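Protein chains in written order, with the numbering used here: chain A, 1 to 237; chain B, 1 to 199. Each residue gets a CB set at the ideal place from its N, CA and C atoms; glycine is no exception. No experiment lies behind these values; they were computed from the predicted model shown.
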């Protein structure tokens, strides 16, 4: 069954949410979700790169030879990231400082490369554009959602406006442990909600285990590359 | 500060106070993906240390002798990621041909490293901090060691976690993330040590 345009878009936002369901691009979600402003900026930057690279890769999908496709994708993605970096540095210096290294790290963000590999290299331009937009919105939704909770509890503010009076903040929420913990809680909440609806949480919907280039290094990928590892694993069981 | 002390300071902060995984949130994906199994932890850390040291050396050279003199520094991101991708491929081929035992130990982890954000991050941060050549190499190697330390520590935590019975909705990844939070809390204890130790 062919998906309608709306289904392609909404797929990235909820059903295959890149962060909570596909577990891609966790680094920037954890690091940037301290303030809502930064999170929103990161979401927009990533969405732009995602849409841009999806369009270009989908246009070039018949030209790029299969064997060197990953380096080609990386060049396209890196170009868009450089573009975003320059624009943000020139016009939004505050945001540039807040995002720091994670702006450049969009290049190796698994969401962008993953969508290029799984969607844009197989589908038409309009569909790829919508997929990029949907995935970007899904990412933004999660990162802003976590940032709202972290900024409110950690700093007592929202968009820099004070809501909880000074002296009632939980400082650790804004630091590294808080990031891990909030992400864990967000995921637990999702599993709880899915469980209420009688659905099962399947965190690897979007990964067919053949992603030899994904840094996740999940057991799917490793056992796929080396059959021996699979055998020893089975023996251990 | 003497050169030796500066190198020690870089090493100490990269391994403990500014650990990439547990303090700076870089390379979370492999941290969560590989830490299930002790052997793959060792293999992955070895490959990361190796590639990060090499990548630091190569990108420093390219930046300071090619990009900087010709005013091409805006190409930094594109050039670095391509250099890393090519380097990883090259290392894989060389190891396969000449150093078989090392290839057996690290080989399967090498393709996973191209998109490991820690490698790109260390090369960019080296330039941002304007380290010299030796400092860049030490920074790369010790950042890799810090990554390995976090991975191996967390592998132990996960082993203990397997016997725990969390609430149903926390099973699997959520409780792993909460455990990672507690592990990273221990590393907060190092904060401030580096400044007082080396001054």
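Asked, Found
"Spell out a yes or no on whether the region 9-27 of chain B and the region 138-153 of chain B are touching, meaning 3 or more CB-CB pairs, one atom from each, closer than 8 Å.", "yes"
"Would you mind working out which of 58/B, 195/B, 137/B and 153/B sits nearest residue 185/B, comparing C-alpha positions?", "153/B"
"Tell me which residues of the region 62-80 of chain A have at least one Cβ-Cβ distance to chain B shorter than 9 Å, keeping chain order.", "70, 71, 74, 75, 77, 78 and 79"
"Which chain A residues sit within Cβ distance under 8 Å of residue 174/B?", "184, 185, 187, 188 and 191"
"Give me the Cα-Cα distance between residue 116/A and residue 77/A, rounded to the nearest whole angstrom.", "9 Å"
"Between the region 15-34 of chain A and the region 99-108 of chain A, can you find at least three pairs of beta-carbon atoms closer than 8 Å?", "yes"
"For a quick check, are the C-beta atoms of residue 295/A and residue 12/A less than 9 Å apart?", "Past the boundaries of the shown model lies residue 295/A; chain A is included only from 1 to 237, so the question cannot be answered."
"What three-state label does DSSP hand residue 61/A in the structure shown?", "coil"
"Measuring only the C-alpha atoms, how far is residue 30/B from residue 60/A?", "30 Å"
"Quick check on residue 115/B: does DSSP put it in helix, strand or coil?", "coil"
"Tell me residue 73/B's beta-bridge partners as DSSP assigns them.", "According to DSSP, residue 73/B bridges with nothing at all."
"Check whether the Cβ atoms of residue 49/A and residue 88/A sit closer than 9 Å, and answer yes or no.", "no"
"Measuring CB atoms only, is the region 165-179 of chain A touching the region 147-155 of chain A, in the sense that at least three cross pairs come out at less than 8 Å?", "yes"
"Of the choices 92/B, 95/B, 61/B and 93/B, whose alpha-carbon is the least far from that of residue 79/B?", "61/B"
"Quick one: is residue 81/B near chain A, going by C-beta distance under 9 Å?", "yes"
"Who are the near neighbours of residue 206/A in its chain, counting only those whose CB is closer than 6 Å to its CB and skipping five residues on each side?", "Bear in mind that a pLDDT of 44 at residue 206/A, under 50, signals an unreliable position, so the number given afterwards is only what the model happens to contain. For residue 206/A, where only same-chain residues beyond five positions count, the Cβ hits under 6 Å are 16 and 22."
"Pick helix, strand or coil for residue 35/A, following the three-state DSSP scheme.", "coil"
"Any C-beta of chain A sitting closer than 9 Å to the C-beta of residue 116/B?", "yes"
"Cα separation between residue 137/B and residue 123/B?", "10 Å"
"Can you tell which of 14/A, 46/A, 10/A and 37/A has its C-alpha closest to the C-alpha of residue 25/A?", "46/A"
"Using only the alpha-carbon positions, how far apart do residue 177/B and residue 147/A sit?", "17 Å"
"Could you tell me which chain A residues have their CB closer than 8 Å to the CB of residue 169/B, listed as they occur along the chain?", "188, 189, 191, 192 and 195"
"Please decide whether residue 25/B counts as near chain A, where near means a Cβ-Cβ distance under 9 Å.", "yes"
"What do you get for residue 4/A, buried or exposed, if any count of 16 or more other CB atoms within 10 angstroms of its CB means buried?", "exposed"
"Could you give the distance in angstroms between the alpha-carbon of residue 119/A and the alpha-carbon of residue 131/A?", "8 Å"
"Run through the region 13-90 of chain B for me and flag every whole alpha helix (DSSP H) of 4 or more residues, listed as ranges in chain order.", "28-34 and 38-62"
"Where does residue 161/A sit, in a helix, a strand or coil, going by DSSP?", "strand"
"Find the nearest neighbour of residue 121/A within the set 67/A, 179/A, 191/A and 196/A, judged by alpha-carbon distance.", "67/A"
"Are the region 85-99 of chain B and the region 160-171 of chain B touching, with three or more C-beta to C-beta distances below 8 Å?", "no"
"Between which two residues does the alpha helix (DSSP H) carrying residue 96/A extend?", "93-99"
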